[in-house]
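**Student:** Numbering (the working numbering), first residue to last: 1 to 177.
Right, I'll just put the structure down here and ask away after.
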Amino acid sequence: MAPRPWPTARTEPRQIDWERAAAGPPFRFPAVEAATETVIDLLIMNEPAGTPEAQPTVLQSALRGLACKCPRCGEGKLYAGFLTLAPSCDRCGLDYAFIDAGDGPAIFIIMLAGAIVVGCALVVEVKYQPPYWLHAVLWLPLILATTLLPLRAMKSLLIALQFHHKAAPGRLVDRAK
Ligand SMILES: [Zn+2]
């Protein structure tokens with residue numbers, strides 16, 4: 001059986017706009033973002049394609065979230081800055097006003113980063129008893145890496161899941177009508 005050819009639209013390597021990345025907010029990691037996008041694109045490509053109007057599965061919605069893309073079309077950009085949302089999707093026009101991730105992303109990041117950093121610090125302290133300055137040198141960069149790197153994807157993931165499950169504050173329904 002002949003190997004399945006790669007879709008032509010996806011074969012060109014992604015171009016990283018270094019100038020724009022350099023001019024952007026201080027905490028951008030273009031290489032990490034490009035690598036993540038490539039992996040997520042591969043995952044999305046391997047998802048069985050549905051009809052355009054078909055409801056996306058939870059996995060498809062989650063992948064759109066991790067890719068920081070519009071939760072409805074999966075094409076448009078979600079962010080205008082590092083964590084600043086665009087007003088609406090530049091592809092399908094979805095108004096992002098409904099989005100309310102609240103403190104959710106920060107809570108998940110705190111839990112994950114806390115477990116990783118505290119776990120590492122405990123192991124190193126118990127095994128080697130290094131001086132305190134070495135703890136600072138080791139864990140401050142790790143704290144920055146484990147909080148700032150996944151923050152965009154985590155916020156976008158929660159937004160995508162909010163959209164998928166149509167989560168919204170409760171409303172009073174007038175039953176008299
Ligand atoms: Zn869209």
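Just so it is clear, CB atoms sit at the ideal spot from N, CA and C, and this is done for glycine as well.
1. Where tyrosine 132 and arginine 152 are concerned, what is the direct C-alpha to C-alpha distance, given to the nearest angstrom?
2. Could you give the DSSP three-state label for aspartate 95: helix, strand or coil?
3. Thinking histidine 164 and proline 87 are a contact (beta carbons under 8 Å), I'd like their distance in whole angstroms, please.
4. Is DSSP giving lysine 127 helix, strand or coil here?
5. Could you pull the start and end residues of the alpha helix (DSSP H) that phenylalanine 82 belongs to?
6. Got a list of residues with beta-carbon closer than 5 Å to any non-hydrogen atom of ligand 1, in chain order?
7. Quick check on this structure: which residue in Ile99, Asp17, Pro30 and Phe82 has the alpha carbon closest to the alpha carbon of lysine 166?
8. What did DSSP end up calling lysine 69 once you bin it into helix, strand or coil?
9. Measure how close the beta-carbons of alanine 115 and isoleucine 143 come, nearest whole angstrom, since I'm counting them as under 8 Å.
10. Between Ala160, Val117 and Thr147, which lies nearest to tryptophan 139 when the distance is taken from Cα to Cα?
11. My understanding is that leucine 78 touches serine 156, with C-beta atoms under 8 Å, so please give their C-beta distance in whole angstroms.
12. Assuming serine 156 is part of the alpha helix (DSSP H), what are its boundary residues?
**Tutor:** For this structure:
1. 31 Å
2. Of the three classes helix, strand and coil, the one that applies to aspartate 95 here is strand, per DSSP.
3. Incorrect: roughly 21 Å between the Cβ atoms, too far for contact.
4. helix
5. For phenylalanine 82, there is no enclosing alpha helix (DSSP H), as DSSP marks it with neither H nor E.
6. Taken from the N-terminal end onward, the list reads Cys70, Arg72, Cys73, Gly76, Cys89, Arg91, Cys92 and Leu94.
7. Ile99
8. Correct three-state label for lysine 69: strand.
9. 12 Å between Cβ atoms; not a contact.
10. Val117
11. 5 Å
12. 132-164
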